[in-house]
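Trainee:
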């Protein structure tokens with residue numbers, strides 16, 4: 001007795017077997033995934049800029065926590081870029097531990113930049 005193949009692949013719902021792919025209502029999962037890939041270039045640039053700002057702030061945290069000497073040109077450049085990017089966050093939350101204070105000051109600023117630029121990317125993308 002020959003085996004018969006199922007009419008539809010297992011990942012395809014039997015309830016949608018008779019529907020045609022017409023418009024947004026008939027797209028299903030595949031249409032949603034395709035819509036997410038169609039981001040504009042400006043949204044990608046905005047997200048990239050936010051990621052770059054956060055990387056600068058996180059690098060400053062890492063350099064200070066691991067005691068990289070400030071005479072190092074890279075550490076000095078990162079510190080010079082990170083201080084204005086921290087905006088109003090240094091001193092916003094007071095702690096007695098210097099390492100925790102550094103993490104809060106610059107970590108909150110990094111989180112801020114990622115959130116703000118992702119919101120801007122959604123608006124302009």
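Residue numbers (the UniProt record's numbering): 1 to 125.
Backbone N, C-alpha and C fix where the C-beta goes; we use that ideal spot for every residue, glycine too.
#1: Does DSSP put residue 44 in a helix, in a strand, or in coil?
#2: Can you say whether residue 53 is buried or exposed, counting buried as having 16 or more other CB atoms within 10 angstroms of its CB?
#3: Can you name the start and end residues of the alpha helix (DSSP H) that residue 74 belongs to?
#4: Pick helix, strand or coil for residue 92, following the three-state DSSP scheme.
#5: Buried or exposed: which applies to residue 117, given that a residue is buried once 16 or more other Cβ atoms fall within 10 Å of its Cβ?
#6: I'd like to check one pair, residue 50 with residue 120: are the Cβ atoms closer than 9 Å?
#7: Within the same chain, show all residues whose beta-carbon is closer than 7 Å to that of residue 47, passing over the 5 residues directly before and after it, in chain order.
#8: Nearest to residue 109 by alpha carbon, out of 100, 97, 82?
#9: Classify residue 112: buried if its beta carbon has 16 or more other beta carbons within 10 angstroms, exposed otherwise.
#10: Should residue 74 go down as buried or exposed, given a rule of 16 or more other Cβ atoms within 10 Å for buried?
#11: Within the same chain, show all residues whose beta-carbon is closer than 6 Å to that of residue 68, passing over the 5 residues directly before and after it, in chain order.
Mentor: Taking the structure as given:
#1: Translated into positions along the chain shown, residue 44 becomes position 44. Residue 44 falls in the helix class under three-state DSSP.
#2: For this step, residue 53 is matched to residue 53 along the chain shown. Here residue 53 is buried, its C-beta having at least 16 other C-beta atoms within 10 Å.
#3: Taking the chain shown and counting its residues from 1, one reaches residue 74 at position 74. From DSSP, the alpha helix (DSSP H) with residue 74 extends over 73 to 85.
#4: For the purposes of this step, residue 92 is identified with residue 92 of the chain shown, where counting begins at 1. In the structure shown, residue 92 sits in coil (DSSP, three-state: anything other than H, G, I, E or B).
#5: On the chain shown, position 117 is the one that residue 117 refers to. Buried.
#6: The residue you call residue 120 lines up with position 120 of the chain shown. The residue you call residue 50 lines up with position 50 of the chain shown. Cβ distance < 9 Å, so residue 120 and residue 50 count as in contact.
#7: Stepping through the chain shown from its first residue, residue 47 is reached at position 47. Closer than 7 Å at Cβ, skipping near neighbours: 117, 118, 121.
#8: Along the chain shown, read from residue 1 onward, the residue named residue 109 stands at position 109. Of all alpha-carbon atoms in 100, 97, 82, the one lying nearest the alpha-carbon of residue 109 is that of 82.
#9: Walking along the chain shown from the start, residue 112 turns up at place 112. Label assigned to residue 112: buried.
#10: If you number the chain shown from 1, residue 74 lands on position 74. Looking at its Cβ environment, which holds fewer than 16 other Cβ atoms inside 10 Å, residue 74 is exposed.
#11: If you number the chain shown from 1, residue 68 lands on position 68. Correct list, in chain order: 75.
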